[in-house]
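Last residue of the sequence shown: number 205 in this note's numbering, and the count goes up by one each step with no gaps. Take a look at the structure set out below.
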Amino acid sequence: MILKLAKKRKTVRKFKQENVPVEKLLKCIEIAKEAPSGMNAQPWHFLIVSDPIVKANIRRMCEDGEKTFYERVKGELGEWLKDKGFTWKKPFLEEAQLLLLVFSYTKAPYSKESTWLAIGYLLLALEEEGLGTVTYTPSNPGEIAKLVGAPKEYRLETILPIGYPNDKKPKEPRKNLEEIVSMNKFENNIQPLFH
Ligand SMILES: Cc1cc2nc3c(=O)[nH]c(=O)nc-3n(C[C@H](O)[C@H](O)[C@H](O)COP(=O)(O)O)c2cc1C
Numbered sequence: 011m012i013l014k015l016a017k018k019r020k021t022v023r024k025f026k027q028e029n030v031p032v033e034k035l036l037k038c039i040e041i042a043k044e045a046p047s048g049m050n051a052q053p054w055h056f057l058i059v060s061d062p063i064v065k066a067n068i069r070r071m072c073e074d075g076e077k078t079f080y081e082r083v084k085g086e087l088g089e090w091l092k093d094k095g096f097t098w099k100k101p102f103l104e105e106a107q108l109l110l111l112v113f114s115y116t117k118a119p120y121s122k123e124s125t126w127l128a129i130g131y132l133l134l135a136l137e138e139e140g141l142g143t144v145t146y147t148p149s150n151p152g153e154i155a156k157l158v159g160a161p162k163e164y165r166l167e168t169i170l171p172i173g174y175p176n177d178k179k180p181k182e183p184r185k186n187l188e189e190i191v192s193m194n195k196f197e198n199n200i201q202p203l204f205h
């Protein structure tokens, strides 16, 4: 049941050192590719990385980008990151058994919206398979795309490290329906930006 999967799913940043069969991930991509897309362009590409050397290179390049980002970040986002304990270090990029790099084909209409819909489908499919991930959005996607040989028309949207969850962190709270739904007229219920 989708409600149960959605309620149970949480971001996982720590993984067990247990092998993940590529077939399991392919089954999840089979579900993701059923997502709707603008003009049915299906403007997505999924790159699976299992090679430890490639994973290590991706991690190094991502962490270089993160160092620059963390030096510059200020304001509410900076405070939120500090509060949550996030740093430039991204060990999950090597610890996860597989990395799934999701690209959008930028020449297609609504390529970003469509690709993120497919990513949403994928997150629930992974949950159903007992797999965990974090929707990691690198600060230097263009450099990573180049590293893995993506054509310039493809934008790297996210890197999903895939593995069996080993993360005790509880699920982040969600807003109540009353806070996010209004009827007939938009109720101007101003919310804090970050939770
Ligand atoms: C578009 C998007 C970008 C995100 N980028 C990152 C990221 O770069 N690094 C990270 O650790 N988590 C990232 N996340 C995960 C969110 O922090 C997480 O989904 C949110 O805090 C809610 O927690 P939950 O997924 O456990 O319910 C991202 C999530 C989304 C949807």
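For each residue, glycine too, the CB sits at the ideal point set by N, CA and C. This one's a predicted model, so the numbers in the text were calculated from it and none came from an experiment.
Chain-order list of residues whose beta-carbon lies under 7 Å from that of residue i (same chain, five-residue window excluded)
i    : result
T125 : P53, W54, V112, S114 and E167
T147 : T168
P151 : R165 and L166
Local conformation of residue i per DSSP, three classes
i    : result
Y115 : strand
T168 : strand
V64  : helix
V32  : helix
Y146 : strand
G152 : helix
G130 : helix
Given residue i as reference, the closest of the options once Cα atoms are compared
i    : options                 : result
E123 : I190, A45, K24 and F79  : A45
L109 : D93, I39, K92 and D177  : I39
K24  : T145, D93 and N186      : T145
K18  : L57, E28 and K179       : K179
M49  : R82, K117, K94 and F102 : K117
F102 : G88, K195 and K26       : K26
Contacting residues, own chain, Cβ-Cβ under 6 Å from residue i (five flanking each side not counted)
i    : result
I207 : Only positions 11 to 205 of the chain appear in this structure, which leaves residue 207 out of reach.
K34  : E139
P175 : V22 and G142
K20  : K181
S60  : L108
L170 : L110 and T143
Close Cβ partners of residue i (< 8 Å) along its chain, the five nearest in sequence each way excluded
i    : result
Y80  : L91, T97 and W98
E104 : P62, K65, A66 and R69
L127 : A45, P46 and S47
L157 : N67, I68 and M71
N29  : Q107
Y164 : H55, F113, S114, Y115, T116 and A155
Beta-carbon proximity of residue i to residue j, cut-off 8 Å
i    : j    : result
P119 : A51  : yes
K43  : E73  : no
Q107 : I172 : yes
E137 : L15  : yes
G75  : S192 : no
V32  : I58  : yes
Output the residue ranges of the beta strand (DSSP E) runs that lie fully inside the segment 35-110 and measure 3 residues or longer, sorted by chain position.
-> 54-59
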